[in-house]
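Numbering follows UniProt numbering, in which position 173 of the sequence shown is assigned residue number 173; successive positions increment by one, without gaps. Positions of the beta carbon are idealized from the N, C-alpha and C atoms, including for glycine. Accompanying notes for the structure given below.
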Amino acid sequence: MNGGEGGVPDVRGPAERPRAPSAPCAAPARPCAGDPWLSHSGDTLRMAVTHPGAESASVSFTDLFRNPRGVAARVATAGRLRLTLQDAPDLVLTTASVAEIAEKNLTTASRLFLALLKQKDGAKSLQAALPEVFPWTRHLDARETRAFTLELLESLSDAAELSTGDGVRRAVVSWRAIARGKAERLAGGERPVGAADRPAGGGSTGTDRPG
């Protein structure tokens, strides 16, 4: 028998002896039973790859591992949260409802732009507004601007309707490279395309764009 207080033997049975408090479920090898790793208040959490600087509020994977309930609560409050990883691209945690709203907003915007494109002078209005969003388009000629506008709107439509969002990035990157090349040629003193058609003496045909 084990000795009790003051050397008096402890004659209590195992069922009567006080039990040590159980350790809380913290930093488990996997979630404790009932812990919602990817759900909170009935709203599923989603993950998506993001690029640096996309989100301001962030947590580490260790934070998610140790306190999934707390992270889920933060996502439910903030709408989205950046999950930083050491050896992989960062992810964005968001709720299903927030993701669905973003998808609907993109669909509405893309359909609105496509409808505007079909209206009288709609294409001209979009092309005129393009430099406000992409200042480098001033280096594109009229034909190139029309082509970029159409490709951009089609890519936005595909992103909304088919969830193929990389087309927008590819369109912007490729046309920006074209604009950069033209700007560098002008800065280097090379003649722009069409310069050979100018009349002798530096006169203008009336069709040249301003330099």
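Put simply, the segment 108-118 does not touch the segment 90-99. Fewer than three CB pairs are less than 8 Å apart. Rounded to whole angstroms, the Cβ separation of residue 149 and residue 126 is 5 Å, and the two are in contact under 8 Å. Per DSSP, the continuous beta strand (DSSP E) segment holding residue 82 begins and ends at 80-84. 101 is the residue among 88, 101, 63 and 86 whose C-alpha sits nearest the C-alpha of residue 79. Listed in chain order, the non-local C-beta contacts of residue 167 below 7 Å within the same chain comprise 155, 158 and 159, local neighbours out to five positions each way being set aside. Assigned with DSSP and collapsed to three states, residue 93 falls in strand. Exposed is the label assigned to residue 173, since fewer than 16 other Cβ atoms lie within 10 Å of its Cβ.
Counting of Cβ neighbours within 10 angstroms places residue 163 among the exposed residues, the total staying below 16. Taking the Cα of residue 110 as reference, the smallest distance to any Cα among 82, 152 and 178 is reached at 152.
Closest by C-alpha distance to residue 143, out of 112, 165, 179 and 170, is 179. By the 16-neighbour rule on beta-carbons within 10 angstroms, residue 135 is exposed. In the structure shown, the three-state DSSP call for residue 163 is coil.
Counted as a single uninterrupted DSSP element, the stretch harbouring residue 57 is not any alpha helix (DSSP H), since DSSP gives it neither H nor E. Residue 127 sits in a helix when the DSSP states are folded into three classes.
Here residue 60 really is in contact with residue 84; their C-beta atoms are around 5 Å apart, less than 8 Å. Residue 186 and residue 103 have their alpha carbons spaced roughly 41 Å apart. The three-state reading of DSSP puts residue 140 in coil, since its state is none of H, G, I, E or B. For residue 134, the three-state secondary structure derived from DSSP is coil.
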